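Residue numbers (mature numbering (1 follows the signal peptide of the UniProt record, and there is no 0)): -19 to -1, 1 to 514. Working notes for the structure below.
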Amino acid sequence: MKIQVVLLLAIVAVHYTAARSVTADTKKVVCYYGSWAVYRPGLGKFDVENIDPFLCTHIVYGFVGLGYDNKVNVLDSYNDLEDNYGKGAMKRFTGLKSKNPNLKALLAIGGWNEGSSKYSDMVSSAASRRTFIDSVLQFLPSQNFDGLDLDWEYPGHRGGKPEDKNNFDLLMAELREEFNKRGYLLTAAVSAGEATIVNAYNIPNMARYLDFISIMAYDFHGAFDGYAHHHSPLYEYPEDRAHNSETFNMAHAVKVWHDGGAPYDKLVLGLGSYGRGFTLDNANNNKPFDPASRPLPPAQYTRDIEGGVWGYNEICEDLSRNQWEVVHVDAFRAPYAVRGQYWIGYDDVDSITEKSIFARDLGLAGVMVWSIETDDFQGTCGETFPLVKAMWKAVNGDIIAPPTPTTTTRDPELPPETTTTTTTTTSRPIPTGEPGNICKKEGFNADPDDCHIFYRCEWDPINDSWHITPFMCGPGTGFSEEKQACDFEQNIPRCRQWIAEDKRGSRVMNAETEETLTIRTDVGLCGKFKSSW
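Here it is in structure tokens:
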């Protein structure tokens, strides 16, 4: 018993020392958490308690949405809140601060699937902005958050209006005034695409009102292109100019934000703990820009049907189980891997380290990761959280940058000459039914055919239509209309009937066996994917 007590005290002392080591000079390590990861199967399931509170300076809970009443709208009340026997993930999330008193916990509002039009309407008048701000000021303390992260994707785009740019300034100014009275942080996740940046943001004003700005420097490329390319290259690839892609890289995104008026020490460089994959049209043509008209098949945890997205945890597992050719391109400062017709660009410990050093040496405020739950948090391929740990070590630890090939001063956006090394290792589907068949009421509604799928329905009185967000319960569970939450299949009569009739329709790759698992693809899955475009 004495040994156990001493060991426990030693562990506490280590964590306490780690927490105390954070100073004003500590670079930010901002970790987003996609709360729907709790519904992933097997080793991919990630709940609040899986977060190591000593790896990040700031943790960000994704997401809440915006209701048509211009108030904060909780997207998954059963998981997020304690009300009605809910799981209370938000309070458990902010409760991590009790383990690390230097940790800040922020709430993110928005995300790709929230769209832009609701936010455009909200910022358009002083009255609607006031309604929103009041709801934020009520919600943040109710869940013990330290601030708000604005993830509007994007002002002036995707159903937005040209005046969004200036109206967004007004919102930030009004939030800043209220937040200063209460000591809240105000931050934003922003586009890395130059065309979007120019039309969406007044950069000097954002730098004035926000505590820091996280550049989502990923998703520059993907299955939407029709050709293979790394989704998060650090520098320009030699062939980019021939394809009008010379601005689609991290260094250029930072340059646009800085040249536009954001001080380096207000900018946080966003990194991805995931890869974007493709199915090549011809396995023999496997270089960047070679045709790839389909995404990589879904992986076993994230199960992304539309975009070919695999978490780093899924990638590292598959690299160890199957024979992939891993190619390192100097301009990317990151690898891609090829196996037959399959091609995926991703980041590993080395590339995350190099990109983080790039941010550190430029004097940026720090680094950000989307998102912590797709790092190798289980330690399946080695140590736990290797990518997030690499970020921290690069910006805050005793890591020496590799020597530069020349002593002359150069533009940080320009890469050295490109080299390539090679090694070898052993539109989201929409509901099929009409909205009227799905949305019987506002809130959660069961899928009429599949007991594992349900929808959040919001009535849009302006457009006289339903806004529908699809969800899928985790393996072995289905949606209970009575509980308005996922429950074990055996407790749901329609699930038992569904299993008996075996209505399963589509295929998901099992990375270990290369066999297929069956799930439906006539509806979307979680409906919450973050994109920088």
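Where a beta carbon is used, it is the ideal one built from N, C-alpha and C, also for glycine. Predicted model, so just to flag it, every value in this text is computed and none were measured.
Item                                                                                                          : Value
Nearest to R189 (by Cα), restricted to the options L152, E220, K142, V179                                     : L152
Between the CA atoms of D331 and I449 - distance to the nearest angstrom                                      : 40 Å
CA-to-CA distance, L118 to A154, given in whole angstroms                                                     : 15 Å
Classification of Q124 by the beta-carbon crowding that lies within 10 angstroms, buried from 16 upward       : buried
N- and C-terminal bounds of the alpha helix (DSSP H) containing M103                                          : 98 to 104
Three-state class that DSSP yields for P122 in the structure shown                                            : helix
Residue burial classification, T38 (beta-carbon count within 10 angstroms, cutoff 16)                         : buried
DSSP-derived helix/strand/coil call for K72                                                                   : helix
8 Å contact criterion, which V237 and I178 should meet: CB distance rounded                                   : 6 Å
Reduced DSSP secondary structure (H/G/I, E/B, other) of A234                                                  : helix
Cβ contact (3+ pairs, closer than 8 Å) linking the region 228 to 246 and the region 67 to 78                  : no
Alpha carbon of D28 to alpha carbon of N180, nearest angstrom                                                 : 37 Å
Beta strand (DSSP E) segment containing Y14, residue limits                                                   : 9 to 15
Three or more C-beta pairs below 8 Å linking the region 247 to 259 and the region 194 to 203                  : yes
For I184 and K162, the rounded distance between their alpha carbons                                           : 24 Å
Neighbourhood of L56 by C-beta, 8 Å cutoff - its chain only, sequence neighbours within 5 removed             : F44, V45, G46, R437, T450, K509
Residue range of the beta strand (DSSP E) that includes Y323                                                  : 323 to 326
Own chain partners of S408 with C-beta closer than 6 Å, once the 5 adjacent residues on each side are dropped : Annotation note: pLDDT 31 at S408 (below 50); position unreliable, coordinate value reported separately. Cβ within range, chain order: n/a, list empty.
Sequence-distant residues of the same chain with beta carbon closer than 6 Å to G256, five excluded per side  : W291, I296, I325, G326, Y327
For F259: DSSP bridge partner residues                                                                        : P276, W324
Alpha-carbon spacing of L166 relative to R157, whole angstroms                                                : 9 Å
Test item: CB-CB of L87 and G128 under 9 Å                                                                    : yes
Beta-carbon spacing of C432, G457 below 9 Å                                                                   : no
CB contact flag (S97, Y135, <9 Å)                                                                             : yes
Closest by C-alpha distance to I114, when choosing among I32, E95, I90, G137                                  : I90
P244 - DSSP class collapsed to helix/strand/coil                                                              : coil
Continuous alpha helix (DSSP H) stretch holding D150: start and end                                           : 145 to 163
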